[in-house]
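Undergrad: Please read through the structure below; I'll follow up with questions.
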Amino acid sequence: MLKLALRRVAALVPTLLIIVTVSFAIIRLAPGGPFDEEQGVSPEVRANLERLYGLDQPLPVQYLRYLRALAHGDFGPSLRQRDFTVSELIARGLPLSAALGLCAIALALITAIPAGIAAALWRGPGADLSIAAVGALGVALPSFVIGPLLALVFGVHLRWLPVAGWQAGAPRYLVLPVLTLALPLAAALSRLTRASLLEVLRTPFVRSARARGLGEARVLWHHALRPALLPVASYLGPAIAFVVTGSLVVEAVFGLPGTGRYLVQGAIDRDYPLVMGMVIVYGALTLLLNLLADLACGWLDPGTRHE
Amino acid sequence: MSEEHSPPSKMRDFAGAAVVAPARRGLWSDARRRLRGNRAASAALALLAAIALAALMAPALSPWGYDSLDWQHLAQPPSLTAAHWLGTDRLGRDLLVRTLHGVRLSLVLAVLASAVSLLIGVLWGAVAGLAGGRIDGAMMRFVDVLYSLPYLFVVIILTTLFTRGSLIVLALALAAVGWLTTARIVRAQTLALKRREFLEAARALGVPPHSILLRHIVPNVLGQVAVYATLIVPQMILFESFLSFLGLGVQEPQASLGNLIFAGAQEMESAPWMLLVPAAALVLLLLCLNLFGDSLRDALDPREH
Numbered sequence: 022m023l024k025l026a027l028r029r030v031a032a033l034v035p036t037l038l039i040i041v042t043v044s045f046a047i048i049r050l051a052p053g054g055p056f057d058e059e060q061g062v063s064p065e066v067r068a069n070l071e072r073l074y075g076l077d078q079p080l081p082v083q084y085l086r087y088l089r090a091l092a093h094g095d096f097g098p099s100l101r102q103r104d105f106t107v108s109e110l111i112a113r114g115l116p117l118s119a120a121l122g123l124c125a126i127a128l129a130l131i132t133a134i135p136a137g138i139a140a141a142l143w144r145g146p147g148a149d150l151s152i153a154a155v156g157a158l159g160v161a162l163p164s165f166v167i168g169p170l171l172a173l174v175f176g177v178h179l180r181w182l183p184v185a186g187w188q189a190g191a192p193r194y195l196v197l198p199v200l201t202l203a204l205p206l207a208a209a210l211s212r213l214t215r216a217s218l219l220e221v222l223r224t225p226f227v228r229s230a231r232a233r234g235l236g237e238a239r240v241l242w243h244h245a246l247r248p249a250l251l252p253v254a255s256y257l258g259p260a261i262a263f264v265v266t267g268s269l270v271v272e273a274v275f276g277l278p279g280t281g282r283y284l285v286q287g288a289i290d291r292d293y294p295l296v297m298g299m300v301i302v303y304g305a306l307t308l309l310l311n312l313l314a315d316l317a318c319g320w321l322d323p324g325t326r327h328e
Numbered sequence: 106m107s108e109e110h111s112p113p114s115k116m117r118d119f120a121g122a123a124v125v126a127p128a129r130r131g132l133w134s135d136a137r138r139r140l141r142g143n144r145a146a147s148a149a150l151a152l153l154a155a156i157a158l159a160a161l162m163a164p165a166l167s168p169w170g171y172d173s174l175d176w177q178h179l180a181q182p183p184s185l186t187a188a189h190w191l192g193t194d195r196l197g198r199d200l201l202v203r204t205l206h207g208v209r210l211s212l213v214l215a216v217l218a219s220a221v222s223l224l225i226g227v228l229w230g231a232v233a234g235l236a237g238g239r240i241d242g243a244m245m246r247f248v249d250v251l252y253s254l255p256y257l258f259v260v261i262i263l264t265t266l267f268t269r270g271s272l273i274v275l276a277l278a279l280a281a282v283g284w285l286t287t288a289r290i291v292r293a294q295t296l297a298l299k300r301r302e303f304l305e306a307a308r309a310l311g312v313p314p315h316s317i318l319l320r321h322i323v324p325n326v327l328g329q330v331a332v333y334a335t336l337i338v339p340q341m342i343l344f345e346s347f348l349s350f351l352g353l354g355v356q357e358p359q360a361s362l363g364n365l366i367f368a369g370a371q372e373m374e375s376a377p378w379m380l381l382v383p384a385a386a387l388v389l390l391l392l393c394l395n396l397f398g399d400s401l402r403d404a405l406d407p408r409e410h
């Protein structure tokens with residue numbers, strides 16, 4: 022188990038290097054520069070700007086410089102937010118974005134797994150129909166629809182929660198954003214839990230556990246639940262990707278000053294160092310969380326442990 | 106799905122008559138028959154057709170264009186007796202016309218992006234599977250690396266680079282991430298096909314690799330690809346709306362469902378219909394496409410029954 026984990030961590034480094042190289046290559050080879058839309062800039066000033074940021078150097082030199090700085094945790098200066106380095110912007114936004122994402126995943130897991138188990142145990146036409154409806158709506162209601170609708174109902178009409186905005190230390194500003202991220206995830210996870218538990222309950226080892234005279238509760242807790250949760254754990258990888266991309270929308274809808282907004286604004290402004298820094302941070306985060314999800318799978322499934 | 110070669114009643118006669126070989130009952134005609142029996146799928150398809158028709162005809166039927174301003178009716182709520190059935194936005198633009206315009210743009214972009222991504226994916230997967238060895242390893246490693254990035258980040262990088270608002274670039278950026286799963290599915294299928302006798306025979310007869318690819322591999326993977334295609338179109342609509350919502354996709358004054366929902370979210374305290382109309386259109390469109398896609402998948406994959 023430990024060996025597997027170490028090998029997987031070591032494999033992260035080349036993947037990250039590829040991500041850095043590919044995004045550097047795409048961004049620098051494309052037409053258009055960050056200072057194209059600057060008003061009233063003479064060619065001399067532009068040349069000076071480009072020299073200041075090292076954009077006049079040959080590409081391989083720029084690439085090596087970038088890698089060296091990156092090894093020291095320096096993502097370079099932001100081209101548009103002039104007073105900040107990319108690292109400072111990331112440090113400002115990341116705590117809020119991380120809190121948002123972790124709360125959403127936790128809420129989705131806490132609600133979806135019991136709901137899925139309940140739906141698998143108490144089957145009936147009404148329950149099955151509502152599960153199907155939840156699944157269909159989960160597919161058809163993206164976060165950029167759910168978010169504004171929740172804000173409209175709970176913020177504008179009922180006035181229970183703030184419509185948008187953020188104040189440090191006021192968790193009520195996070196309620197609607199977390200709900201927006203968690204709802205589609207909970208829909209998918211509860212359906213997955215239900216389907217997988219139903220499948221496990223039909224297997225021979227559950228039947229023989231029942232034949233040995235074990236009560237339903239004991240069959241569920243000691244035999245059926247752990248294998249049933251395996252597909253749920255392997256879905257955590259896609260769930261993480263979903264939360265990461267969803268947070269871009271949620272931060273835009275609710276005006277939260279997290280990293281997602283810097284990424285979108287950086288993309289609109291063609292702020293290369295900012296976009297690259299964000300892509301690298303998000304890429305590393307996704308890879309790392311996926312690794313954790315894989316290890317959770319290994320823990321749940323003895324079959325994958327001794328590879 | 107659009108053309109019908111034989112009426113269903115006749116087909117059932119053929120199937121009933123023991124003498125006639127069931128020659129016409131291939132994968133696709135079977136699927137069509139099953140699909141017609143599915144009432145939810147038929148309803149979804151009919152609704153989809155109605156939405157698509159309305160979206161195509163809107164410019165011809167309505168007195169308003171998607172960017173024409175009506176200064177007499179600014180921010181009008183929806184009313185069937187008024188000049189604008191579903192209301193107007195702050196600039197007096199007709200919301201029904203703009204929503205239909207957005208549906209049309211989303212559909213066209215999604216179909217275009219899906220077609221391009223399927224084309225790349227099928228070729229990539231088939232070539233990798235057929236070539237095998239180092240080439241296969243390198244090609245699929247590339248797919249793995251792209252997979253490990255959240256796909257929308259790749260699209261965001263791509264939209265950063267080119268002129269914003271160009272629909273072709275947007276479709277290509279969407280296609281650039283959509284082909285990965287197709288490539289994997291097709292490669293797996295190709296590896297399975299490669300071991301079959303008819304391919305060995307073709308190779309032994311000296312058929313060149315490119316005709317093995319086009320005559321034997323591609324036709325045999327199309328069924329699976331069709332199933333995946335029904336999943337990818339609604340996904341592309343979702344991605345496109347997502348980008349336009351963030352301001353990275355379709356730009357004003359062009360209307361897309363994404364940027365209409367964004368504009369509506371900004372005005373929801375004073376003009377909630379600006380949010381509700383395009384949001385309802387998107388949800389309806391996605392529901393219909395997914396319902397139809399699920400049914401098509403079941404129809405093409407009889408093992409599930």
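Protein chains in written order, with this note's numbering: chain A, 22 to 328; chain B, 106 to 410.
Each residue gets a CB set at the ideal place from its N, CA and C atoms; glycine is no exception.
#1: Here's the rule I'm using: 16 or more other beta-carbon atoms within 10 Å means buried, otherwise exposed. How should residue 320 of chain A be labelled?
#2: For a cutoff of 7 Å on Cβ pairs, would you count residue 266 of chain A as touching chain B?
#3: Can you give the beta carbon distance from residue 317 of chain B to residue 308 of chain B, rounded, assuming they're within the 8 Å contact cut?
#4: On the CB-based measure, 16 or more other CB atoms within 10 Å of its CB, does residue 212 of chain A come out buried or exposed?
#5: Could you spell out the range, first to last residue, of the alpha helix (DSSP H) harbouring residue 255 of chain A?
#6: Can you tell me whether residue 371 of chain B is buried or exposed? The criterion is at least 16 other CB atoms within 10 Å of its CB, across all chains shown.
#7: Taking residue 222 of chain A and residue 268 of chain A to be in contact with their CB atoms under 8 Å, please state how far apart those CB atoms are, rounded to whole angstroms.
#8: For residue 201 of chain A, which of helix, strand or coil comes out of DSSP?
#9: With a threshold of 7 Å between beta-carbons, can residue 250 of chain B be considered close to chain A, or not?
#10: Quick check on the DSSP output: what are the complete alpha helix (DSSP H) runs of length 4 or more inside the stretch 228–292 of chain A, in order along the chain?
#11: Output yes if chain B places a C-beta closer than 7 Å to the C-beta of residue 169 of chain A; else output no.
#12: Would you say residue 372 of chain B lies against chain A (beta-carbon separation less than 7 Å)?
#13: Using the beta-carbon count (16 or more within 10 Å), is residue 315 of chain B buried or exposed?
#14: Which residue comes first and which comes last in the alpha helix (DSSP H) that contains residue 137 of chain A?
#15: What does residue 377 of chain B reach in chain A if we use C-beta pairs closer than 7 Å?
#16: Report the neighbours of residue 346 of chain B on chain A: residues whose CB is nearer than 8 Å to its CB, in chain order.
#17: Counting only beta-carbon separations shorter than 7 Å, does residue 397 of chain B have a partner in chain A?
#18: What's the C-alpha gap between residue 116 of chain A and residue 126 of chain A?
#19: Return the residue from the list A:198, A:95 and A:296 that minimises the CA-CA distance to residue 167 of chain A.
#20: If we count Cβ pairs, one from each stretch, closer than 8 Å, do we get three or more for the stretch 193–202 of chain B versus the stretch 223–238 of chain B?
#21: On the criterion of 16 or more Cβ atoms from any shown chain inside 10 Å, does residue 272 of chain A qualify as buried, or is it exposed?
#22: Could you check where the alpha helix (DSSP H) with residue 144 of chain B kicks off and where it finishes?
#23: How would you label residue 188 of chain A, buried or exposed, when you count the other beta carbons within 10 angstroms and need 16 or more for buried?
#24: Assuming residue 230 of chain B and residue 287 of chain B are in contact, meaning their beta carbons sit under 8 Å apart, how far apart are those beta carbons, in whole angstroms?
#25: Thinking C-alpha only, which one of B:353, B:394, B:155 and B:294 is nearest residue 328 of chain B?
#26: Helix, strand or coil, according to DSSP, for residue 186 of chain B in the structure here?
#27: Using a Cβ-Cβ distance cut-off of 7 Å, determine whether residue 117 of chain B contacts chain A.
#28: What number of angstroms, rounded off, separates the C-alpha of residue 333 of chain B from the C-alpha of residue 325 of chain B?
#29: Compute the Euclidean distance between the alpha carbons of residue 45 of chain A and residue 258 of chain B, then round it to the nearest angstrom.
#30: Per DSSP, what kind of secondary structure is residue 295 of chain B in: helix, strand or coil?
#31: Can you give the beta carbon distance from residue 353 of chain B to residue 285 of chain A, rounded, assuming they're within the 8 Å contact cut?
#32: Buried or exposed: where does residue 345 of chain B fall if 16 or more other Cβ atoms within 10 Å of its Cβ makes it buried?
#33: Residues of chain A with CB under 7 Å from residue 388 of chain B, in chain order?
#34: Output the distance between the C-alpha atoms of residue 248 of chain A and residue 218 of chain A, rounded to the nearest integer angstrom.
#35: Please report the straight-line C-alpha distance between residue 109 of chain B and residue 310 of chain B, rounded to a whole angstrom.
#36: Please report the residue range of the alpha helix (DSSP H) in which residue 154 of chain A lies.
TA: This is what the structure holds:
#1: Walking along the first sequence from the start, residue 320 of chain A turns up at place 299. Residue 320 of chain A comes out exposed.
#2: If you number the first sequence from 1, residue 266 of chain A lands on position 245. Yes, contact with chain B.
#3: For the purposes of this step, residue 317 of chain B is identified with residue 212 of the second sequence, where counting begins at 1. For the purposes of this step, residue 308 of chain B is identified with residue 203 of the second sequence, where counting begins at 1. In this structure residue 317 of chain B touches residue 308 of chain B by the C-beta definition: roughly 7 Å separates them, less than 8 Å.
#4: As a position in the first sequence, residue 212 of chain A is number 191, starting the count at 1. Classification for residue 212 of chain A: buried.
#5: For the purposes of this step, residue 255 of chain A is taken as the residue at position 234 of the first sequence. Here the alpha helix (DSSP H) through residue 255 of chain A covers 251–255.
#6: As a first step, residue 371 of chain B is located in the second sequence; it is residue number 266 there, counting from the start. So residue 371 of chain B ends up on the exposed side.
#7: Within the first sequence, the letter at position 201 stands for residue 222 of chain A. Within the first sequence, the letter at position 247 stands for residue 268 of chain A. About 36 Å separates the two Cβ atoms, so there is no contact after all.
#8: Walking along the first sequence from the start, residue 201 of chain A turns up at place 180. Residue 201 of chain A falls in the helix class under three-state DSSP.
#9: On the second sequence, residue 250 of chain B is found 145 positions in, with the first residue counted as 1. Put simply, the CB of residue 250 of chain B is near chain A, with a gap under 7 Å to one of its CB atoms.
#10: Considered as a whole, the stretch 228–292 of chain A harbours 246–249, 251–255, 257–275 and 280–290 as its complete alpha helix (DSSP H) runs of no fewer than 4 residues, in chain order.
#11: Position 148 of the first sequence holds residue 169 of chain A. Interface residue, yes.
#12: Reading the second sequence from its first residue, position 267 is the one you call residue 372 of chain B. Not closer than 7 Å to any Cβ of chain A, the Cβ of residue 372 of chain B fails to qualify, so no.
#13: Mapped onto the second sequence, residue 315 of chain B falls at position 210. For residue 315 of chain B, the number of other beta carbons within 10 angstroms of its own is below 16, and it is reported as exposed.
#14: Start at 1 with the first residue of the first sequence, and residue 137 of chain A comes out as number 116. It spans 107–142 - the alpha helix (DSSP H) in which residue 137 of chain A sits, taken as one unbroken run.
#15: Here residue 377 of chain B refers to the residue found at position 272 of the second sequence. Neighbours of residue 377 of chain B on chain A, chain order: 173.
#16: On the second sequence, residue 346 of chain B is found 241 positions in, with the first residue counted as 1. Residue 346 of chain B reaches chain A at 163 and 165, counting residues in chain order whose Cβ is nearer than 8 Å.
#17: Here residue 397 of chain B refers to the residue found at position 292 of the second sequence. Answer no: the Cβ-Cβ gap between residue 397 of chain B and chain A never drops below 7 Å.
#18: In the first sequence, the residue the question calls residue 116 of chain A occupies position 95. In the first sequence, the residue the question calls residue 126 of chain A occupies position 105. Here the C-alpha atom of residue 116 of chain A lies approximately 15 Å from the C-alpha atom of residue 126 of chain A.
#19: Residue 167 of chain A sits at position 146 when you count from the first residue of the first sequence. A:198 is the residue among A:198, A:95 and A:296 whose C-alpha sits nearest the C-alpha of residue 167 of chain A.
#20: The stretch 223–238 of chain B and the stretch 193–202 of chain B do not touch, with fewer than three beta-carbon pairs separated by less than 8 Å.
#21: Along the first sequence, one-based indexing puts residue 272 of chain A at 251. Within 10 angstroms of the beta-carbon of residue 272 of chain A lie 16 or more other beta-carbons, which makes it buried.
#22: Locating residue 144 of chain B in the second sequence gives position 39, counting from the first residue. Where residue 144 of chain B is concerned, the enclosing alpha helix (DSSP H) stretches over 144–166.
#23: Position 167 of the first sequence, counted from the first residue, corresponds to residue 188 of chain A. The C-beta of residue 188 of chain A has fewer than 16 other C-beta atoms within 10 Å across all chains shown, which makes the residue exposed.
#24: The count along the second sequence starts at 1 and reaches residue 230 of chain B at position 125. The count along the second sequence starts at 1 and reaches residue 287 of chain B at position 182. Indeed they touch by this definition, with Cβ atoms about 7 Å apart.
#25: For the purposes of this step, residue 328 of chain B is taken as the residue at position 223 of the second sequence. Nearest option by C-alpha distance: B:294.
#26: Looking up residue 186 of chain B in the second sequence gives position 81. Note: residue 186 of chain B maps to coil in three-state DSSP.
#27: Looking up residue 117 of chain B in the second sequence gives position 12. For residue 117 of chain B, the pLDDT reaches just 45, beneath the cut-off of 50, and the residue's location in the model is therefore unreliable, although a value from the coordinates is still provided. The beta carbon of residue 117 of chain B does not come within 7 Å of any beta carbon belonging to chain A, so the residue lies off that interface.
#28: Here residue 333 of chain B corresponds to residue number 228 of the second sequence, with the count starting at 1. Here residue 325 of chain B corresponds to residue number 220 of the second sequence, with the count starting at 1. Approximately 14 Å, taken between the alpha carbons.
#29: Reading the first sequence from its first residue, position 24 is the one you call residue 45 of chain A. Reading the second sequence from its first residue, position 153 is the one you call residue 258 of chain B. Whole-angstrom Cα-Cα distance: 13 Å.
#30: In the second sequence, the residue the question calls residue 295 of chain B occupies position 190. Residue state for residue 295 of chain B is assigned as helix, using DSSP reduced to three classes.
#31: Indexing the second sequence from 1 puts residue 353 of chain B at position 248. Indexing the first sequence from 1 puts residue 285 of chain A at position 264. The Cβ separation is near 7 Å, so the contact holds.
#32: Position 240 of the second sequence holds residue 345 of chain B. With 16 or more other Cβ atoms within 10 Å, it is buried.
#33: Here residue 388 of chain B corresponds to residue number 283 of the second sequence, with the count starting at 1. Result: 161, 162 and 166.
#34: Working through the first sequence from its first residue, we reach residue 248 of chain A at position 227. Working through the first sequence from its first residue, we reach residue 218 of chain A at position 197. Answer to the nearest angstrom: the Cα atoms are 8 Å apart.
#35: Locating residue 109 of chain B in the second sequence gives position 4, counting from the first residue. Locating residue 310 of chain B in the second sequence gives position 205, counting from the first residue. Because residue 109 of chain B sits at a pLDDT of 41, beneath the cut-off of 50, its placement in the model cannot be relied upon, and the following sentence gives the value as read from the coordinates. Computed Cα separation, rounded: 37 Å.
#36: Within the first sequence, residue 154 of chain A is the residue found at index 133, counting from 1. Counting along the chain, the alpha helix (DSSP H) containing residue 154 of chain A begins and ends at 146–161.
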